[in-house]
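One structure is given here, and the rest of the page talks about it.
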Amino acid sequence: METTQQTPPDIFQANCLSRHVLQLIADQWTPLVIYALERDTMRFGQLLKRIDGISKKC
1 METTQQTPPD
11 IFQANCLSRH
21 VLQLIADQWT
31 PLVIYALERD
41 TMRFGQLLKR
51 IDGISKKC
């Protein structure tokens, strides 16, 4: 019997289900920005590149 390993969800991808839940409970980008900045200091342009689908406009 084969065992397959599941990869953990990547909330930085636009189609991640966990990301959709986070968007329902908070401002659209706040949880993703906090999570990204928790791991490393980033400039605004770096955040735009890191978080798939984010935009400057609301």
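So the sequence shown is numbered by the UniProt record's numbering: it starts at 1 and just counts up by one.
C-beta: ideal position from N, C-alpha, C; glycine also.
Quantities reported herein were computed from a predicted structural model and do not represent experimental measurements.
Beta-carbon to beta-carbon, ALA14 and GLY53 are separated by about 4 Å, close enough to satisfy the 8 Å threshold. Just measuring C-alpha positions, the residue of THR41, ARG39, MET42, ILE11 sitting nearest GLN28 is ILE11.
Judged by DSSP in its simplified three-state form, GLU38 adopts helix. Exclusion of the five residues before and after ALA36 leaves MET42, LEU47, ARG50, ILE51 as the residues of its chain whose Cβ lies within less than 7 Å of its Cβ. In the displayed model, ILE51 falls within coil according to three-state DSSP, outside both helix and strand.
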